[in-house]
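According to my numbering, the sequence shown is numbered sequentially starting from 106.
Where a beta carbon is used, it is the ideal one built from N, C-alpha and C, also for glycine.
As the structure is a prediction and not an experimental result, all values here were calculated from the model.
Working notes, structure below.
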Amino acid sequence: MSSLSGRVTFEDVGFAYEAEAGKVLCGMSFDIEPGSSIALVGVSGAGKTTVTNLFARLYDPQGDSILVDGEDITEFTLKSLRDSTTFVP
Ligand SMILES: Nc1ncnc2c1ncn2[C@@H]1O[C@H](COP(=O)(O)OP(=O)(O)O)[C@@H](O)[C@H]1O
Ligand SMILES: [Mg+2]
Numbered sequence: 106m107s108s109l110s111g112r113v114t115f116e117d118v119g120f121a122y123e124a125e126a127g128k129v130l131c132g133m134s135f136d137i138e139p140g141s142s143i144a145l146v147g148v149s150g151a152g153k154t155t156v157t158n159l160f161a162r163l164y165d166p167q168g169d170s171i172l173v174d175g176e177d178i179t180e181f182t183l184k185s186l187r188d189s190t191t192f193v194p
């Protein structure tokens, strides 16, 4: 993962922490251009932290995929994924 340009793509991502509680994210798709800065804005409980949790692979999405430079993040090792990203809580 050393020579990434850093395009981040969510493709129809869905996620539920608990099946009974229902989906927290449903059909979420977006594409972040390399080198760009974006803000994820929403009310408390909308799912912003869940998006970052999924990107860091603290959980894996149910449904389609999360891609970096067109490659599914499950194809990278956790170490290389996390070595290439920074999370500021
Ligand atoms: N670990 C968890 N277990 C179960 N439900 C959770 C967990 N974390 C968050 N949620 C629920 O998922 C939804 C989205 O939460 P979150 O992603 O933290 O929202 P935001 O960061 O936008 O405030 C909320 O309904 C929240 O209660
Ligand atoms: Mg949050």
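Taking F192 as the reference, give the member of L159, D174, P166 and E138 with the closest Cα. Check the Cα spacing between F192 and each of L159, D174, P166 and E138: the tightest is with L159.
Strand pairing of T114, partner residues [DSSP]: The beta-bridge partner set that DSSP reports for T114 consists of D136 and L172.
Determine whether the beta carbon atoms of G127 and D174 lie at a separation below 9 Å. Contact: no.
So the alpha helix (DSSP H) R162 belongs to, where does it begin and stop? Here R162 belongs to no alpha helix (DSSP H), and DSSP marks it neither H nor E.
In angstroms, rounded to a whole number, what distance separates the CA positions of F120 and S189? Roughly 24 Å between the two C-alpha positions.
Does ligand 1 have even one heavy atom less than 8 Å from the beta-carbon of E123? True, at least one ligand heavy atom lies under 8 Å from that Cβ.
Should S141 be listed as close to ligand 2, given that the test is whether its C-beta is under 8 Å from any heavy atom? No.
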